[in-house]
Amino acid sequence: MAEEQVEEKAWKSSFTEGGITYAASLFWQPLLNADNPMPEVKEAAENILEGADLYAIRKGKSTQFGLAASSQGFTRGLPAGAISLITGLGNITSFLAVFKVDNGWWYVCFRNDVILSDGDTLFANEKDAKDQFISMLAVPDWDAMYAPAEWGIEDAKSPQLNAILSKGLSVKLDKIGASNDTVMLAVIVVGFAIILWYGYTSLQSMFFSEPEAPVVAPVEQADAPAELPPEAKPWEELVNPIDMMNNCYEATKSAVELVAPGWDIEGITCNSGGLVTSWRRRDEGRIPMMDQALNVSGINFLSRTLSSDGNTFMVTIPVKEMSTLNSPPEYNNTDLTNIINDLNHSLRINIATESKTWTSPRGSVYNIMGFSIQSNTDPLMWRDLLMQFSGLTINEITYDINNKSWVYKGEIYEL
């Protein structure tokens, strides 16, 4: 029997608004290490979006990077439209949007401070964009919705796109792996300019300048700087670790229970922005089987993406809203080390730790103990044990279904 054909939706890589050309249709992924993003960017370009050679980084509560391939029409130096839109909208953390642009319909889905992996798509025709928009209306609690006025979508606004983009940040696509070359070139250019300037001013002072009488400027009394409010401590609004572990456990169960003949679930990664997983096709697997399993699962996926070769289905599953708490630290580095070593001895495990620091915008330095735990015990068992630590945050939970193994990564603020 012939396989069912999957319709390819036409999309484009850029649009022009207000005289500026923006890149669209980037493939967005979470960025775990914002201080050193290139290893994650390169790994994703090699293993997830093959051929990608351009990227842009969106900073926020959940930092992400977008991938693009110049072979698909993307150009280095174009600003990423999604970043300009999100920052131009201000503090909105969840919105669903379609904007009519010069060459198509731009669909953007931003949920819980995360651009969905397929949530930045410039569709070539209106029907595809509208179908995608309507499919996401089933997801509740959007802060805002934007759509063309002629669609008649209830509660959807139709603002001027240029007015929003012009207020946002301009983060341009850059070449993957080109950062060091760019920095070196900049250093050489600046150094050469300094040498020319020094030589010019030296010659000018030797041959052309006349001595000038010193000028004594009047001394003005500077106004006293305004007193700043006290700086918020980083632990005053941490994601509740109990919510993180409970919600990721529930989302993991729903993913593991989703089964399709001929398809194998791969690794599962969960954080406060959602759970990401994928299924890999075996020889007997067929796309309609996996598609049907997703449709009848009862899960309102944040995104569903089929790889270009038809062998991998990647999805993002929402997690429940998480509360925050004020959890000031109670232990210094020595005390924490002793407590964790005792846990390692008594439970016969290995909690790996590393010392880190974080510097606030005002220059305050905070000491942090990063940790990683690999265990066959689920989050409901680790939940109560880890809550003995104040100043604790769980950044990420992963699950390997083949080894039935969990990995918990997080940080503990120190006194």
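Under the working numbering, the residue at position 79 of the sequence shown is numbered 177, and the numbers go up by one with no gaps. Note that CB positions come from ideal geometry on N, CA and C, so glycine has one too.
N- and C-terminal bounds of the beta strand (DSSP E) containing residue i
i: Q127; result: 125-128
i: G507; result: Sequence inspection shows Lys at residue 507; the Gly mentioned does not correspond to that position. It spans 503-511 - the beta strand (DSSP E) in which K507 sits, taken as one unbroken run.
i: F113; result: 112-115
i: A121; result: 118-121
i: L490; result: 490-498
i: T173; result: It is not in any beta strand (DSSP E) - T173 carries neither H nor E in the DSSP assignment.
i: S444; result: From DSSP, S444 is part of no beta strand (DSSP E) but of the alpha helix (DSSP H) over 431-445.
i: L326; result: First-last for L326: undefined, no H or E at that position.
i: L67; result: Nothing in the structure corresponds to residue 67, since the chain is present only between 99 and 513.
With 16 other Cβ atoms within 10 Å as the buried cut-off, status of residue i
i: T457; result: exposed
i: P257; result: exposed
i: P459; result: exposed
i: V463; result: exposed
i: L478; result: exposed
i: G461; result: exposed
i: N501; result: exposed
i: S182; result: buried
i: E512; result: buried
Rounded separation between residue i and residue j - CA only
i: T191; j: W240; result: 9 Å
i: E115; j: P328; result: 41 Å
i: M387; j: A358; result: 6 Å
i: G117; j: V374; result: 37 Å
i: N134; j: G158; result: 16 Å
i: E428; j: A330; result: 18 Å
i: I510; j: T119; result: 44 Å
i: G171; j: S421; result: 42 Å
i: A150; j: A167; result: 4 Å
i: S488; j: I415; result: 29 Å
i: E126; j: G179; result: The question names Glu, but residue 126 is Trp in the sequence shown. Near 12 Å, if we compare the C-alpha coordinates of G179 and W126.
i: M282; j: D272; result: Because M282 carries a pLDDT of 48, less than 50, the predicted location of this residue cannot be relied on, and no value is offered for it.
i: S268; j: W333; result: 31 Å
i: E382; j: G360; result: 5 Å
i: L356; j: T455; result: 40 Å
Boundaries (first-last residue) of the alpha helix (DSSP H) holding residue i
i: I471; result: Segment 463-473 is the beta strand (DSSP E) holding I471; no alpha helix (DSSP H) there.
i: M479; result: 477-484
i: V354; result: 339-354
i: I449; result: Counting along the chain, I449 falls outside any alpha helix (DSSP H), though it belongs to the beta strand (DSSP E) covering 449-457.
Coarse secondary structure for residue i, derived from DSSP in three states
i: W515; result: With the chain covering 99 to 513 only, the question about residue 515 has no answer from this structure.
i: F231; result: helix
i: L214; result: strand
i: I190; result: coil
i: K273; result: strand
i: E364; result: strand
i: K255; result: strand
Residues bridged to residue i (per DSSP)
i: I415; result: L373
i: E155; result: For the sequence presented, residue 155 should be read as Ile rather than Glu. DSSP output for I155 lists F163 as bridge partner(s).
i: G202; result: V199
i: I109; result: Note that residue 109 is Trp in the sequence shown, not Ile. The partner list for W109 (beta bridge, DSSP) reads F221.
Chain C contact for residue i (CB, 8 Å cutoff)
i: A167; result: This model lacks chain C altogether; it includes just one protein chain.
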